[in-house]
Each structure stands twice: as structure tokens, then as C-alpha cells.
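One structure is given below, encoded as C-alpha cells.
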């Protein structure tokens, strides 16, 4: 059976099941008496076992089978839940996630062995016996090796294949495999066995036939003849990794006959003494080992698809209407049709955007487990509060926002929140709090990570900056708090006194800033001594289509994202002054830095001699600057196109767009300029 067509569905559903298991385990840790949670975890393990068994992933199926045994004992009160058991179940969850991740990358679950976890699970069933006893107990349930007759005929074709394999240094074995009487899906279990053996073996005969085995037209046993480079012991180990097998009988097969040797000599001469002959099934196996293509998917509400379909139908109607416009009333009818078309395309754009939107809950769901593990590792008591999980963000943003949030949360837990003893001394609750909040704000989504820890030590930041040579001592003394906090985002900067697995290398906040700005967003930090810190991340709702202001700079057209524009003003050239080699103008009682776009973009200046200059005031957080442009063209909705990998290093340009007349306009990256 070709199971590759179901791979995407398998991966998507497995991830969802594992996320549910993660959530249930976290809740079970807080409430050990909740039977409903145990039932949920058991159902997930059972479902994953069936899915992975059908897909032929034996390691996944074997581990979930052993988890089922433990979970069933917990459900029936034969065992009592405790922290140790939950830790082992979390280890199993991590291993299962590793298998799914490997399947997503390569199509195979990889070589990571879960035998150690299976031993731990068997130890739980044996009421935590000594580790040596656990290993013995584990081996008792594995298939045993017997030397006895196996009922399978070796035909002429098989003899020729065995002779050929023998000349090439391969081994041949007869196998009799007996399934457990408790095995519920015999054909699925047989498929797992076939799939496992075919990684390193060539099965040349089975009794009953493969078709009968697929249709479950057999009792509890079947016989195989296979050829392999593996030894008898290696094949036994392969089968040992599969559960629900009672016995395995293996016999080596040797056939000495001259018939094949003569043919092989002739074939060797005709093919120019090839070192290695291709065996039947090699082509099949090589195609099977290729990495499957697993695309990114989005689950869409059916109502949104219905709306999309209705709008496409409207497009077809307007297309027909445009074709049928006659010459008599062409102008009026055409204008009406174009207005109608504009309304439809606007609605279609909104509908497609909604289809691309997914709840940020998909990112937030991974953090409760991370906070739990970090708090245990650091010996701190941490409570995580999340809100706004239903806030929707573009699918491309969802894929990229996870890492920056991980760094922010780790930073809050490690640097921000004090240990319980220190918090008691300061009169705070022993439990530190981390809040993760998301909410829409106009055309942006805001994500806040807030802690109630010690806040950022501004003096320590300045001291470290002086030590690293980023600032002179005199500059550090006059630096205000906001500018000092921004030093944290400098590559390689860290206030940690020693390097640990969690922090101290100065890469965390640098990664946050780089990633957020690459998404067209900004990140700000608010802090108060002894009260805590807050990271505020502002991201665009979508990265595909934006509103922009088109401007002329010289003979070129450029687009400035409307979301970053504060206002447009006219200033007098004579009011521009230079301060520390930077042009500024006094505007509304504040100093506004001035940037000449023709110099930055290296185009001819057409503003020479002009007294009145058009300035586009842009903002990035609390920073503002004025961009001098030649002319304003107007506001327009544009589709962002990437510049490609060869032009990806240009900081001033964020991308390009194609205008209605076919011209290309470059999109200015205002974040990099500020």
C-alpha cells in the first residue's frame, strides 16, 4: 500500500493530538484526581497508536502501546498518579514529537530508540522495581528465537534469487511470525512488520500471499523468505522493536546450485563486470526513501470557503457583463461595471486574508510546557497567564513569531523573576507571574510579554556596555533609560554574570529584534525597578498586501508603508540645522531628525534650490524621523514581492511591488532607516 498520500493528514492530526496530550498532562499535574484528563490522554495515545500502525511507523506505535498500558492501569486505579509518572509521560511526549518532526522532514521516523522509555514504562507497571529487573521484564515480552521447521515452499524463482544473493554476500532467512491473540488489527500489525523489514531486507515470498495478509485472510501467523545483508541477530532486533508479537522463528537458508552461477558469469561479461547487480525491488525501495513533500497547511472554516466561492462566482458574472457591453451605452455601462468589479475585488481580498488568518493560540500552546520545565530547572515558582489566544494573525507570521516569543519568555523567567527566597525577602508572592497577551490594534497585532520580577538594572546595563566598548564612560552617564534598555538588543550583549544553558551568550534579544523587524514589526521594552518588565511586540496583520503611500524621489517611484507614517508636513529648507552631523528641524517643540531620501537611495536630487520641502514623518515605536521626498503620488494598496535571494542583503529596501502600468516601485524599509 502506498501510504504517502496520507502523510500530510497524518502529520497534521498527530501534531494536534500531541498538543492536546501536552495540555492534558499539564492540567493533570495540577489536579491528579481528574479522571477525565486521564481518559483524554489515553484516547490520544490509542489514536496515535492506530494511526502510526496503519502508516507503518513501528517506533511510534510501540511507544504509544506501552503508554496505553500504563494509562489503563492509572484509569483503573491499579496505579496511583504521581510526579515521577507524569515526568516519564512528558518524556514520552517529547519522544513522540521528535518522531513526528523527523517524519515531517524525511518521511521516516528516524533511528532514535525509545527502548529506554519503554523500560521505564514497564518499571512503572512493576511498581518501580530495580532498573536491572526492569530490563529483564522488558525482554520477557519481546519475540523469542526458535530453530524449528517453517512451513513455506522455496520455488525455482526463489532459489535463483537466493543463489544470486549468496554470490553477492547476502544472507537468506525463513521467518515464521506469530502475532499475539490480543492483536486487534492483524493486517496493520503485519504491515508494520513488512515495512520494518523492507528497510534493510528484500522479502521474496510470503505465505499466505501479501493480498491475503492485507485483507486479514490469515490466522495469527504468517511465513516469510527474505534476503538481507543483516545478520540473524540484527533481524531479530528489528522485529523486537514491534509490539503485539508472541513468537518469531528464524532459520538461515543456503542453496548451492550451479544454475545461477553460469548465468551470473554470462551477465557479468555482458555488462562490463559490474560490481553490484541490481536486485528486484531496489527501484521501489529507492523511490520510497525519497523525502516526501509536506506542504504548509491551514485549516479553514467552511463558511469562509463558501464566501470565497460566492465572490468568485460574482467575478465570473462581471466578466460576462464586461464582454456583453454594447457600443451604444459603452461608457456608462463600463463605469458601472468597473465600480462593481472594484467592490468584488475588495471583498475578495478581505475573504482571502481571512482564509490565511489563524489563531495565535497555535503559537501560545507551546509555552505552558516550556514555563513548567524552565521553572523546575531554575528552582523558581512561575505562573503563566495567557489571554487573547483567539487573536488571528497571518499564517506566515505564525510560522516566524514562535522563536522571538520563546526568547522573551525565557528572558523574563531567567533574568526578570527572582528566586522564591528573594521574593519573600522583598515582600512579594513566592510565585512569579508571566503574562502573555495578544490583541488586535488597527492593522497590527500586539503581543505583550510581562513579568513581575526585578525589572532591568539600568546601571548594570550601562556598566556592561562600557566594559564591552559599546559606549564611553562619559556617554553612559548621560544616556537616558530608554536608550540604555535598547542596548540589550545589541548582538552579543548580555547582563548575565555567567553563561548557562538558558542565557548568558547575548543572542536572545538580538534574535528577537532581528526577527520582528524582518516581519515588518517593532519591539519595545518597558521596565520599572522591582516591579517588572514588559516586552511589547507590534506586528502587521498580513505580510502579503499592505496600504502604502507612493512618492517620487528623483525620477523613481517608491512606496512607504502607511502603517509606519505618522503625518505629512511641509518645512522650510532654511529651518534645517545640523547637530552632531545630523540634520534636524525643530517641529512642534521637538527635535525631528531629517533624512534626505535622494542621498540614501542614491538618486538625483531634484529639490535643490527649493525652499518648501515635502517631508513624510515616519515612526518606529517612540522614534520619529522626517523623510524628504520630491512629490506625493497618493495612497495605494500594493502586493509585496520579494527581491529574491541575490538582493536579500539590502537593508533600505523591504521588497518591491508592480504598479498598474507595469512599472516596479521599491518598498522603503523604514525600520532599518530609523
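Residue numbers (the numbering used here): 71 to 744.
Glycine included, each C-beta is placed from N, C-alpha and C at the ideal position.
| query | Would you say residue 524 and residue 497 are within 8 Å of each other, going by their C-beta atoms? | reply | no
| said: On the CB-based measure, 16 or more other CB atoms within 10 Å of its CB, does residue 81 come out buried or exposed? | reply: buried
| query | What are the start and end residues of each continuous beta strand (DSSP E) run of 3 or more residues lying completely inside the stretch 478-519, in chain order? | reply | 502-511
| field | Sheet register partners of residue 657 (DSSP bridge) | value | 660
| said: What would DSSP say about residue 140, mapped onto helix, strand or coil? | reply: helix
| message | Can you give me the C-alpha to C-alpha distance between residue 637 and residue 387, rounded to a whole angstrom? | response | 41 Å
| said: Going by C-alpha to C-alpha distance, which of 642, 583, 532 sits closest to residue 679? | reply: 642
| field | Counted within 10 angstroms of its Cβ, other Cβ atoms place residue 584 as buried (16 or more) or exposed | value | exposed
| request: Might you give, ordered along the chain, the residues of its own chain that have their beta carbon closer than 8 Å to the beta carbon of residue 214, omitting 5 neighbours on each side? | output: Per-residue confidence for residue 214 stands at a pLDDT of 40, beneath the threshold of 50, marking its modelled position as unreliable; no derived number is given.
| task | Please go through the same chain and pick out, in chain order, the residues whose beta-carbon is closer than 7 Å to the beta-carbon of residue 543, but skip the five residues on each side of it. | result | 536
| message | What does the alpha-carbon distance come out to for the pair residue 187 and residue 164? | response | 11 Å
| Okay, do the stretch 510-521 and the stretch 473-493 touch, 3+ Cβ pairs below 8 Å being the bar? | yes
| said: Quick check: residue 249 and residue 295, are their CB atoms within less than 8 Å of each other? | reply: no
| request: Grab the span of the alpha helix (DSSP H) containing residue 394 for me, first residue to last. | output: 372-394
| Between the beta-carbon of residue 514 and the beta-carbon of residue 426, is there less than 8 Å? | no
| Count the other CB atoms within 10 Å of the CB of residue 190; is the residue buried (16 or more) or exposed (fewer)? | buried
| message | Whole angstroms are fine: how far does the CA of residue 475 sit from the CA of residue 238? | response | 56 Å
| In whole angstroms, what is the alpha-carbon distance linking residue 171 and residue 162? | 14 Å
| request: Evaluate the contact criterion for the stretch 679-691 versus the stretch 707-726: three or more CB pairs, one atom per stretch, below 8 Å. | output: no
| query | If you count every other CB in all the chains shown that lies within 10 Å of the CB of residue 264, and 16 or more means buried, which is it? | reply | buried
| request: Just the C-alpha distance for residue 321 and residue 117, rounded to the nearest angstrom, thanks. | output: 36 Å
| Anticipated Cβ contact below 8 Å, residue 725 with residue 713, distance rounded | 6 Å
| said: So for residue 642, helix, strand or coil by DSSP? | reply: strand
| Beta-carbon proximity of residue 407 to residue 377, cut-off 8 Å | no
| Are the stretch 105-122 and the stretch 79-97 in contact at 8 Å, needing three or more beta carbon pairs? | yes
| Inter-residue spacing [alpha-carbon to alpha-carbon] between residue 677 and residue 685 | 12 Å
| query | How is residue 726 classed by DSSP in three states: helix, strand or coil? | reply | strand
| query | So, are the CB atoms of residue 665 and residue 698 less than 8 Å apart? | reply | yes
| query | Just the Cα atoms here: how many angstroms apart are residue 502 and residue 606? | reply | 19 Å
| request: For residue 369, name the three-state secondary structure that DSSP assigns. | output: coil
| field | residue 270 and residue 300 closer than 8 Å at C-beta | value | yes
| message | Checking 8 Å against the spacing of the C-beta atoms, do residue 95 and residue 156 come in under that value? | response | yes
| Below 8 Å between beta carbons: does that hold for residue 231 and residue 273? | no
| message | Since residue 462 and residue 428 should fall inside the 8 Å C-beta cutoff, what is the C-beta to C-beta distance between them, to a whole number of angstroms? | response | 6 Å
| Hey, how far is the Cα of residue 97 from the Cα of residue 310? | 35 Å
| query | According to the neighbour-count rule (16 or more other Cβ atoms, all chains shown, within 10 Å of its Cβ), is residue 467 buried or exposed? | reply | buried
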